[in-house]
Every structure is written in structure tokens, then in C-alpha cells.
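Numbering (the working numbering), first residue to last: 2 to 142.
To keep things clear, I will list the structure first and then write my remarks on it.
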Amino acid sequence: MGRAGAMKAMVLPALGAPLRLETVPVPTIGPNDVLLRVRATGVGLTVVIMTAVPGRVTSFPRIPGHEVAGEIAEVGAEVAHVRVGDRVTCHFYLTCRTCRFCRSGRETLCTAFRGYVGMACDGAYAEYMAIPAANVTPIPP
């Protein structure tokens with residue numbers, strides 16, 4: 002695999018707390034996930050809101066960051082549409098991909114919506130992030 006067991010990440014320890022630079026474990030991935038080596042991430046109002054407004058982040062500590070581009074470092078056993086080394090960007094809605102809304106391209110109405118990358122699961126303010134492979138889109142060369 003060729004990656005270290007630890008990485009640097011900006012961690013939100015609690016609601017309203019400042020972000021802290023910490024050394025944390027590199028995330029593990031499941032069979033339908035990819036491990037992304039983060040190359041660029043956006044900083045915007047969403048992160049300000051999630052750090053201060055109750056109910057946005059589902060558990061703490063949390064690594065924020067939902068606007069991301071990077072390179073695939075590892076793929077799960079069931080992943081076929083991307084390979085290690087591919088450059089990708091990510092869709093930040095965590096959806097079922099199977100309900101009538103997801104199947105018709107209206108993921109924001111997903112009946113089993115699980116939240117947002119960086120709020121319901123760790124995001125891109127880190128050297129690596131795990132994300133469902135269905136959420137990544139290859140960037141053309």
C-alpha cells in the first residue's frame with residue numbers, strides 16, 4: 002500500500018472549539034471506499050457554521066473539509082471505476098444511491114440521507130481521507 006500509519010489533520014475536538022493540528026491514524030477503508038491523498042481542500046462558510054451551530058456535526062472529534070481534490074492512494078476490493086494514482090474530486094453528499102431520488106440524479110432528496118462529508122464522517126482537512134468510491138469523480142488528464 003505504501004502509506005504511513007499516521008497523518009496530520011486539523012481536528013475539531015468539540016462544538017465551538019478551535020481546530021487543532023493533531024497526529025491521527027490514517028483511516029482504513031471498506032470494500033466500497035477509497036483512500037484519498039488530499040492535494041487541495043476548500044475553506045469556506047460551511048466550516049464556520051459546522052464548528053459553531055449545534056446539530057451539524059454528528060460526533061466529535063471530527064475532521065472537517067468537504068471541498069476536496071486529491072489522488073487515490075488505495076481502493077477497496079469492490080471498487081472498479083478508479084485506480085491508485087487517479088486524480089479525483091469528490092461529491093460531499095452521503096446518500097444511498099438506490100432510492101428513486103438518487104437514481105434520478107436528485108441526491109439532495111435522498112430518503113436515506115446520511116449527512117455530509119466533513120460533518121457525518123471525517124473530511125479533507127487531513128493528509129488522507131476515506132470516502133465512498135461512489136462519491137469520487139476522476140479528473141481528466
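Every residue gets a Cβ at the ideal spot worked out from N, C-alpha and C, and that includes glycine.
Since the model is a prediction, treat every value here as computed from it, not as a measurement.
Length of the line joining the Cα atoms of residue i and residue j
{"i": "threonine 138", "j": "arginine 21", "result": "30 Å"}
{"i": "methionine 120", "j": "phenylalanine 114", "result": "13 Å"}
{"i": "glutamate 128", "j": "asparagine 136", "result": "18 Å"}
{"i": "threonine 42", "j": "tyrosine 117", "result": "15 Å"}
{"i": "isoleucine 50", "j": "phenylalanine 61", "result": "15 Å"}
The alpha helix (DSSP H) enclosing residue i, as first and last residue numbers
{"i": "leucine 22", "result": "It is not in any alpha helix (DSSP H) - leucine 22 instead sits in the beta strand (DSSP E) that spans 21–26."}
{"i": "valine 49", "result": "46–53"}
Residue i in three-state terms, based on DSSP
{"i": "cysteine 122", "result": "strand"}
{"i": "glycine 3", "result": "Summary for glycine 3: the model assigns pLDDT 44, below 50, so the residue's position carries little reliability; its value from the coordinates is reported in the next sentence. In the structure shown, glycine 3 sits in coil (DSSP, three-state: anything other than H, G, I, E or B)."}
{"i": "methionine 113", "result": "Looking at the sequence shown, residue 113 is not methionine but alanine. Three-state result, alanine 113: coil."}
{"i": "glutamate 79", "result": "coil"}
{"i": "arginine 104", "result": "helix"}
{"i": "alanine 10", "result": "strand"}
{"i": "alanine 134", "result": "helix"}
Residue i Cβ short of 7 Å to the ligand NAD heavy atom set
{"i": "tyrosine 94", "result": "In the structure shown, the ligand NAD is absent, as is every other ligand, since no ligand is present at all."}
Endpoints, the beta strand (DSSP E) within which residue i is located
{"i": "arginine 98", "result": "That residue, arginine 98, is in no beta strand (DSSP E); it is neither H nor E in DSSP."}
{"i": "alanine 41", "result": "34–42"}
Residues near residue i in its chain [Cβ-Cβ closer than 7 Å; skip 5 each side]
{"i": "valine 83", "result": "Val35, Ile73, Val76, Val89, Ala134, Val137 and Pro139"}
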